[in-house]
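Each residue of the sequence shown is one higher than the one before, starting from 9 at the first, in our numbering. Virtual Cβ for every residue (Gly too), placed ideally from N, Cα, C.
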Amino acid sequence: MDAVNYTTELPMHLRDVLETEREQGETLFWAGQPDPFRAVRAEWIPFLFAIPWTAFALFWEAMAIGLSFSPQVGTPQPIGWVFVLFGLPFVGIGVAMLASPFVAMGKARQTVYAITNRRILILEAKRSGREARSVVPQYVGDLQRTERGDGSGNLTIAPPSNRLGNLPGQAAASVFWGVKNVRE
């Protein structure tokens, strides 16, 4: 399959990110994107956990505000603010966990994976520019493919190992998540 066919499947802004990142003389062998819905699936457990977490945190805040500043109490006491402020981080954590599937979906839609004759690229378009990670062939160790029944799956690119195992400072594995036709 020609490399042009791979890039035509990408949104225009991601094609631009990929073309900007490619070096002169670098030939594109493959390009693709993660499936946004696969990214969401990975976030369901935190999302489900976030529902009771956030509900309790909001209940805590409502009770702290209501009990601390109700007319029956009279003048608000400083200790009331302690309970209100104590609950705020828990509300924030709950909202972040509730948002995690949507953040993962957005990140997947802004990510492009590419394999060239010189390196493996993981590019992410961001509001402030782009983030690029690349792995050159001498730092590619084991490749592990996880394939689903529909042909999609994950490709894990591990760094080469030595008899001592992974050393401090050694790069972590790169993963192409939720790729269509992962066998290609």
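Can residue 131 and residue 120 be called in contact, C-beta distance under 8 Å? Looking up residue 131 in the sequence shown gives position 123. Looking up residue 120 in the sequence shown gives position 112. Contact annotation: residue 131 and residue 120 have beta-carbon atoms nearer than 8 Å.
Pick helix, strand or coil for residue 76, following the three-state DSSP scheme. The residue given as residue 76 occupies position 68 in the sequence shown. Looking at residue 76 - three-state DSSP - the assignment turns out to be helix.
I need the straight-line Cα distance from residue 128 to residue 30, nearest angstrom please. Looking up residue 128 in the sequence shown gives position 120. Looking up residue 30 in the sequence shown gives position 22. Residue 128 and residue 30: Cα-Cα distance of roughly 11 Å.
Would DSSP call residue 100 helix, strand or coil? Reading the sequence shown from its first residue, position 92 is the one you call residue 100. Three-state DSSP puts residue 100 in a helix.
Taking the alpha-carbon positions, what's the residue 22 to residue 50 distance? Working through the sequence shown from its first residue, we reach residue 22 at position 14. Working through the sequence shown from its first residue, we reach residue 50 at position 42. Distance between the alpha carbons of residue 22 and residue 50: 23 Å.
What does the alpha-carbon distance come out to for the pair residue 74 and residue 87? Position 66 of the sequence shown, counted from the first residue, corresponds to residue 74. Position 79 of the sequence shown, counted from the first residue, corresponds to residue 87. Distance between the alpha carbons of residue 74 and residue 87: 13 Å.
Enclosing beta strand (DSSP E) for residue 138 [first to last residue]: Here residue 138 is taken as the residue at index 130 of the sequence shown, counted from 1. Residues 137-143.
Which whole-angstrom value describes the C-beta separation of residue 187 and residue 44, a residue pair presumed to lie in contact below a C-beta threshold of 8 Å? On the sequence shown, position 179 is the one that residue 187 refers to. On the sequence shown, position 36 is the one that residue 44 refers to. Not really, about 12 Å apart at Cβ, beyond 8 Å.
Beta-carbon within less than 7 Å of residue 58's beta-carbon, same chain only, minus the 5 sequence neighbours each way: which residues are those? Taking the sequence shown and counting its residues from 1, the one referred to as residue 58 is at position 50. Counting only Cβ-Cβ distances below 7 Å, and skipping sequence neighbours, we find 102, 105, 106.
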